[in-house]
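Just below is one structure, and these are the notes that go with it.
Residue numbers (my numbering), protein chains in the order written: chain S, 1 to 303; chain Z, 1 to 254.
Printed below as a string of structure tokens:
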């Protein structure tokens with residue numbers, strides 16, 4: 001069955017969209033990533049204009065994140081205090097990112113920059129996570145006691161706050177900075193930023209993996225809500241009908257994803273996420289390096 | 001008085017030239033884009049009005065065109081830089097129809113001459129207007145060709161020779177199919193009668209393509225009240241997220 005999308009002005013198969021939403025929802029619940037890095041390129045392939053795909057992706061992520069957070073709240077795996085601190089940084093970063101994005105748009109080549117951003121970030125994060133979690137998995141198999149988190153420079157900074165749910169007593173500056181930089185990147189790349197946020201929380205802030213997912217989802221809700229409003233007002237490219245179909249699949253998927261996530265071991269969870277990130281990175285890199293089927297392409301500028 | 005006389009004189013002079021005149025009809029003069037819109041087919045038919053007996057040589061031919069709203073378009077060309085494919089050159093095409101279909105009653109070369117095509121802008125290539133390419137681009141024609149190729153692959157540009165059925169040089173009909181990805185606006189339908197490659201008569205009509213119902217309402221809201229539209233999409237998203245989680249909990253406990 002086909003459905004005509006009023007803002008995207010294309011007609012697509014409703015079941016394909018539904019399935020896509022469901023798939024991304026499962027990932028979102030399992031890993032605490034919004035799934036934007038996956039949904040946006042997949043929407044491109046379905047023939048939806050990139051501007052609409054990016055803006056609508058943000059709207060869809062709001063829904064699946066709300067659903068995911070509710071499931072995590074019930075398990076008490078959301079650090080609301082940490083989430084709020086991250087969010088403060090995130091909103092400032094997102095505003096900054098939108099500004100940078102518009103600046104780059106005037107210079108042209110924004111499309112290429114977004115793709116390069118994807119390849120570089122997905123590559124670095126996926127690679128690091130993969131190696132780290134592989135080592136962790138090998139250690140736990142040998143039965144060795146995991147190393148105690150060491151106290152580094154992060155603990156010497158002022159403005160210390162107690163984050164009870166995470167079992168941390170650290171300065172508010174590193175989470176603020178993490179939030180800020182993820183905010184910038186998410187606005188440029190048109191994603192929630194969970195796939196950067198999750199590793200940053202684990203490796204930079206030393207938060208326990210179980211808390212990381214819920215907290216990340218919590219702050220993604222607000223950053224993507226902000227992005228949705230920004231797109232709706234400035235570029236008018238949010239397609240509510242497209243979002244609705246995606247999110248019906250998404251919210252159902254998120255519930256299953258959360259259930260699967262709690263059953264897997266933390267190391268396995270990390271290795272699965274790392275493989276997925278690397279896979280998407282590889283696909284995007286291939287598009288950049290391989291000779292395209294058609295050297296010409298229609299720009300969206302004149303339309 | 002003078003003017004009326006002049007008009008009468010002109011019409012007398014014009015009459016022999018307009019010995020054959022085309023009249024046309026459409027199966028529908030508006031296309032409604034609804035939520036389940038999946039393209040549309042329009043039947044275009046008509047007849048040749050004449051007062052003199054039918055001439056058989058050169059044979060009468062019919063061309064039917066449907067043109068969507070005209071907009072500018074940008075075509076990019078990629079080039080390999082440092083191993084990566086980058087958009088390097090761009091040509092702004094001043095005016096290109098968003099949809100263009102040409103159906104003819106015979107092979108293209110038999111229905112219209114090059115000169116007449118140039119005058120009436122009938123073929124796809126002539127319907128696109130590209131005034132000037134940037135100085136550094138020499139082969140601007142290849143960009144126009146690319147635009148035609150890309151839109152043809154999406155079914156937006158159609159060249160269909162031998163698809164107009166012409167009976168006894170008098171009645172004709174053809175069907176033009178519009179894909180689902182057409183844009184809103186006025187679609188101009190033209191019928192040309194030709195003899196020996198020359199246009200002897202033409203007639204134009206307009207098909208309105210527009211969204212209706214929910215589609216119309218959402219589109220207008222997003223354009224006229226963006227903050228409200230943004231809020232609406234957020235409320236729907238949050239409600240759906242909360243609803244799904246509540247529904248699943250009820251399922252598990254019940």
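Note that CB positions come from ideal geometry on N, CA and C, so glycine has one too.
Query: Name the chain Z residues that come within less than 8 Å of residue 59 of chain S, Cβ to Cβ?; Result: 233, 234 and 237
Query: Which first and last residues belong to the alpha helix (DSSP H) in which residue 129 of chain Z is found?; Result: First-last for residue 129 of chain Z: undefined, no H or E at that position.
Query: Cα separation between residue 148 of chain S and residue 237 of chain S?; Result: Low confidence applies to residue 148 of chain S: its pLDDT is 48, below 50, so where it sits in the model is not reliable, and the reading given next is rough at best. Cα-Cα distance, rounded: 48 Å.
Query: With a threshold of 9 Å between beta carbons, is residue 194 of chain S in contact with chain Z?; Result: no
Query: Determine, using beta carbons only, whether residue 175 of chain Z and residue 189 of chain Z come nearer to each other than 9 Å.; Result: no
Query: Within the same chain, show all residues whose beta-carbon is closer than 8 Å to that of residue 123 of chain S, passing over the 5 residues directly before and after it, in chain order.; Result: 278, 281 and 285
Query: Assuming contact is defined by CB atoms lying nearer than 9 Å, are residue 258 of chain S and residue 68 of chain S in contact in what I supplied?; Result: yes
Query: Can you list, in chain order, the residues of the stretch 226 to 240 of chain S whose Cβ is nearer than 7 Å to any Cβ on chain Z?; Result: 228, 229, 232, 233, 236, 238 and 240
Query: From the beta carbon of residue 219 of chain S, is the nearest beta carbon of chain Z less than 9 Å away?; Result: no
Query: Do residue 7 of chain S and residue 98 of chain Z have their CB atoms nearer than 9 Å?; Result: no
Query: Using a Cβ-Cβ cut-off of 6 Å (strictly less than) and excluding sequence neighbours within five positions of residue 218 of chain S, which residues of its own chain qualify?; Result: 69, 78 and 83
Query: Find the residues of chain Z that neighbour residue 2 of chain S, judging by a C-beta separation of less than 7 Å, and give them in chain order.; Result: 36, 38 and 180
Query: What's the gap between the Cα of residue 295 of chain S and the Cα of residue 158 of chain Z?; Result: 22 Å
Query: Answer yes or no: do residue 17 of chain S and residue 11 of chain S have a C-beta to C-beta separation smaller than 9 Å?; Result: no
Query: So which residues of chain Z does residue 296 of chain S contact, with C-beta pairs closer than 9 Å?; Result: 75, 76, 77, 78, 142, 143, 145, 146, 147, 149 and 150
Query: Chain Z beta carbons: is any one of them nearer than 9 Å to that of residue 70 of chain S?; Result: yes
Query: List the endpoints of the continuous beta strand (DSSP E) containing residue 160 of chain Z.; Result: 157 to 160
Query: Threshold first: 4 residues or longer. Then list the alpha helix (DSSP H) segments lying entirely within the stretch 37 to 108 of chain S, N to C.; Result: 50 to 74 and 80 to 107
Query: Which residue comes first and which comes last in the alpha helix (DSSP H) that contains residue 2 of chain S?; Result: Unbroken run through residue 2 of chain S is the beta strand (DSSP E), 2 to 5; no alpha helix (DSSP H).
Query: Compute the Euclidean distance between the alpha carbons of residue 55 of chain S and residue 171 of chain S, then round it to the nearest angstrom.; Result: 34 Å
Query: Thinking residue 233 of chain S and residue 61 of chain S are a contact (beta carbons under 8 Å), I'd like their distance in whole angstroms, please.; Result: 18 Å between Cβ atoms; not a contact.
Query: Would you say residue 62 of chain S faces chain Z, with C-beta separation under 9 Å as the test?; Result: yes
Query: Tell me whether the beta-carbon of residue 228 of chain S lies closer than 9 Å to the beta-carbon of residue 59 of chain S.; Result: yes
Query: Enumerated in chain order, which unbroken segments of the beta strand (DSSP E) with a length of 3 residues or greater are wholly contained in the stretch 160 to 219 of chain S?; Result: 160 to 163 and 168 to 171
Query: Can you confirm whether residue 218 of chain Z, when its beta carbon is compared against all beta carbons of chain S, has any partner nearer than 9 Å?; Result: yes
Query: Using beta-carbon positions only, say whether residue 270 of chain S and residue 188 of chain S come within less than 9 Å of one another.; Result: no
Query: I need the straight-line Cα distance from residue 207 of chain Z to residue 100 of chain S, nearest angstrom please.; Result: 43 Å
Query: Out of Z:125, Z:90 and Z:82, point me to the one whose CA is closest to residue 74 of chain Z's CA.; Result: Z:90
Query: Report all residues from its chain with a CB closer than 7 Å to the CB of residue 40 of chain Z; omit the five preceding and five following residues, and keep chain order.; Result: 31 and 178
Query: Just to confirm before moving on: does the CB-CB distance between residue 25 of chain S and residue 214 of chain S stay below 9 Å?; Result: no
Query: Can you pull the chain S neighbours of residue 211 of chain Z, defined as C-beta to C-beta under 7 Å?; Result: 6
Query: Per DSSP, what kind of secondary structure is residue 82 of chain Z in: helix, strand or coil?; Result: coil
Query: For residue 117 of chain Z, count the other beta carbons within 10 Å of its own beta carbon; 16 or more makes it buried, fewer makes it exposed. Which is it?; Result: buried
Query: Below 7 Å CB to CB, which residues in the same chain sit around residue 255 of chain S once its five sequence neighbours on both sides are set aside?; Result: 29, 67 and 71
Query: Take every Cβ of the stretch 197 to 216 of chain Z, pair it with every Cβ of the stretch 77 to 89 of chain Z, and state whether three or more of those distances are shorter than 8 Å.; Result: no
Query: For residue 50 of chain Z, which option in Z:180, Z:200, Z:233 and Z:173 has the closest C-alpha, if you only look at C-alpha atoms?; Result: Z:200
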